[in-house]
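Participant:
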Amino acid sequence: MFMSIPGPSAILGTIIPLLILDILAVSLRFYSRRKRRQPLQIDDWLTVPSLILVIGLSSIMFYGINTKSLGYRAAPTPDVVARSAVDASDWTIQTARRLEYSFLVIFAVANGLVKLSVLFLYRRIFVVDKSWRNSRNLFICVMITLMGLWAASFTFAFMFMCKGKFELLFTDLMAVMVQCVDTFMVGYSCSISDFVGDALIILIPLPFIWKLRLPFSTKIAVTLVFLLGSLAAAASLIRMLWMIWAFHAGMDTSNDEELLLTSELFWCLMEITLGLLASCLPTLRGLVQTKSVDSVFKGVRSVHNSVVKKQL
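Here the UniProt record's numbering is used: the first residue of the sequence shown is 1, the next is one more, and so on.
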């Protein structure tokens, strides 16, 4: 098997603290804006539905662990000879597949919202001239459009993989291979494009920061703040590698299907919880006045005069 699969204790011990941090980060983001008497912007509001969906995704994982349809090896019953049975009559396998389906549809939406929140934050901070003649504004707007289309495309791709014949996904994999699109290819392409999108989003602010008239050490510190999103990208990378392995392994009945689904959903959840957390941290300067974060905004103001001050 490609990698070790986290057990129930490891999943709960990782996801619960991250979920709590996400709730605190989004709450403190709004409190910070109110404390500084700054109007809420679209990047702030996008974190609200993102958080709601992250809570929903976590609930799916918790339910799967509670019912032992995720995180556990299947009990050796007559109904379950192989965990990747073509015709699943076992309730546990069917439940695991239903949870995966619900999870992936919600994940595509939540992932898109988090990416859009970060991109709108970049536009608010780094773009003063919001006309279409401004290359910086145009580039970020193109990225916003692409990420929005990406999220919408994979949401519908996951939702209608079997062209409305939803029950096939949960019971009869032979019929899935005949009547549905290539489900492995959908997940495979999603994971690769997701990682590429994360990598691009992480790199976007770096040239803007390094053009500011700041001391070298300060630029390093500010860069590290904006590179916090690389934690989410690391989880995205692991998920991509896992999907590449699963894609090439194909339908192997020697693998435990529940554990494979658990690994897939765990790394999806790691990515989205870390991504939401990282998207909020640069905005919390109203609560913790660190020199590095403050300096980047002051540096932007010095380059673009007082216009940016109104945007922030």
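Note that CB positions come from ideal geometry on N, CA and C, so glycine has one too.
Spell out a yes or no on whether the segment 54-61 and the segment 129-137 are touching, meaning 3 or more CB-CB pairs, one atom from each, closer than 8 Å.
Facilitator: Not touching, per the Cβ criterion.
Participant: Within a Cβ cutoff of 6 Å, which residues of the same chain sit near Ala106, ignoring the five residues on either side of it in sequence?
Facilitator: Position check: residue 106 holds Ile in this sequence, whereas Ala was assumed. Leu53, Gly56, Leu57.
Participant: Which value, in whole angstroms, describes the spacing of the CA atoms of Glu264 and Pro215?
Facilitator: Distance between the alpha carbons of Glu264 and Pro215 is about 43 Å.
Participant: Look at the Cβ atom of residue 342, then the Cβ atom of Ile238, and state whether they are nearer than 8 Å.
Facilitator: Residue numbering for the chain in the displayed model covers 1 to 312; residue 342 lies beyond these limits and cannot be assessed.
Participant: Return the first residue and the last residue of the alpha helix (DSSP H) that Arg73 is part of.
Facilitator: Arg73 -> no alpha helix (DSSP H), and no H or E assigned at all.
Participant: Round the Cβ separation of Ala199 and Ala151 to the nearest angstrom and send it over; I've been treating them as touching at under 8 Å.
Facilitator: Contact doesn't hold; Cβ gap of about 17 Å is too wide.
Participant: Can you grab the Cα-Cα spacing for the pair Asp22 / Leu274, in whole Å?
Facilitator: Rounded to the nearest angstrom, the two C-alpha atoms are 8 Å apart.
Participant: Where does Thr67 fall in DSSP's three states?
Facilitator: It is coil, neither helix nor strand.
Participant: I'd like to know whether the C-beta atoms of Phe154 and Cys190 end up nearer to each other than 8 Å.
Facilitator: Yes, the Cβ-Cβ distance between Phe154 and Cys190 is below 8 Å.
Participant: Let's see if you can read the secondary structure: which residues bound the alpha helix (DSSP H) around Trp210?
Facilitator: Trp210 -> alpha helix (DSSP H) spans 205-210.
Participant: In whole angstroms, what is the alpha-carbon distance linking Arg37 and Phe126?
Facilitator: Cα to Cα, the separation comes out at about 20 Å.
Participant: At which residues does the alpha helix (DSSP H) containing residue 331 begin and terminate?
Facilitator: Because residue 331 is not part of the residues shown, which for the chain are 1 to 312, the question remains open.
Participant: Following the continuous alpha helix (DSSP H) through Lys35, name the residue where it begins and the one where it ends.
Facilitator: That run of the alpha helix (DSSP H) goes 8-35.
Participant: According to DSSP, is Ser131 helix, strand or coil?
Facilitator: Coil, per DSSP.
Participant: What does a CB cutoff of less than 6 Å around Leu228 pick up in its chain, not counting 5 residues either side in sequence?
Facilitator: Correct list, in chain order: Ala278, Leu281.
Participant: Between which residues of its own chain and Thr14 is the CB-CB distance below 6 Å, once the five residues before and five after are set aside?
Facilitator: There are no such residues.
Participant: Sort Thr171, Ser102, Ala96, Leu51 by Cα distance to Leu259 and report the nearest one.
Facilitator: Comparing Cα-Cα distances from Leu259 to each of Thr171, Ser102, Ala96, Leu51, the minimum goes to Ala96.
Participant: If you compare alpha carbons, which of Val142, Tyr101, Thr283 is closest to Phe170?
Facilitator: Out of Val142, Tyr101, Thr283, Tyr101 has the C-alpha closest to the C-alpha of Phe170.
Participant: Which residue from Phe158, Phe30, Phe103, Thr47 puts its Cα closest to that of Tyr63?
Facilitator: Of the candidates Phe158, Phe30, Phe103, Thr47, the one whose C-alpha sits nearest the C-alpha of Tyr63 is Phe103.
Participant: Quick one: what does DSSP say Cys162 is sitting in, helix, strand or coil?
Facilitator: The answer is coil: DSSP assigns Cys162 none of H, G, I, E or B.
Participant: Ordered along the chain, which non-local residues of its own chain (more than five positions away) have a Cβ less than 7 Å from that of Ser50?
Facilitator: Answer for Ser50: Ala110, Leu113, Val114, Ser117, Leu276, listed in chain order.
Participant: Starting from the C-beta of Phe195, find all residues in its chain whose C-beta is less than 6 Å away, skip the five residues before and the five after it, and write them out in chain order.
Facilitator: These residues qualify, in order along the chain: Ser236, Leu237, Met240.
Participant: Ordered along the chain, which non-local residues of its own chain (more than five positions away) have a Cβ less than 7 Å from that of Gly148?
Facilitator: These residues qualify, in order along the chain: Gly112, Leu116.
Participant: In the DSSP assignment, find the alpha helix (DSSP H) that holds Asp44 and state where it starts and stops.
Facilitator: It spans 42-45 - the alpha helix (DSSP H) in which Asp44 sits, taken as one unbroken run.
Participant: By DSSP, does Lys51 sit in helix, in strand, or in coil?
Facilitator: A small fix is needed here, since residue 51 is Leu in this sequence, not Lys. Here Leu51 sits in helix by DSSP.
Participant: Could you say which of Val128, Phe120, Ile65, Met143 lies nearest to Leu99 if we only look at CA atoms?
Facilitator: Answer by Cα proximity: Ile65.
Participant: Using the three-state DSSP reduction, which class does Leu287 fall into: helix, strand or coil?
Facilitator: Leu287 falls in the coil class under three-state DSSP.
Participant: Spatial neighbours of Ile5 within its chain, please: C-beta separation below 7 Å, excluding the five flanking residues on both sides.
Facilitator: For Ile5, where only same-chain residues beyond five positions count, the Cβ hits under 7 Å are Leu259, Thr262, Ser263.
Participant: Given Thr223, which residues of its chain have a CB within under 7 Å of its CB, disregarding the five upstream and five downstream residues?
Facilitator: Leu206, Ile209, listed in sequence order.
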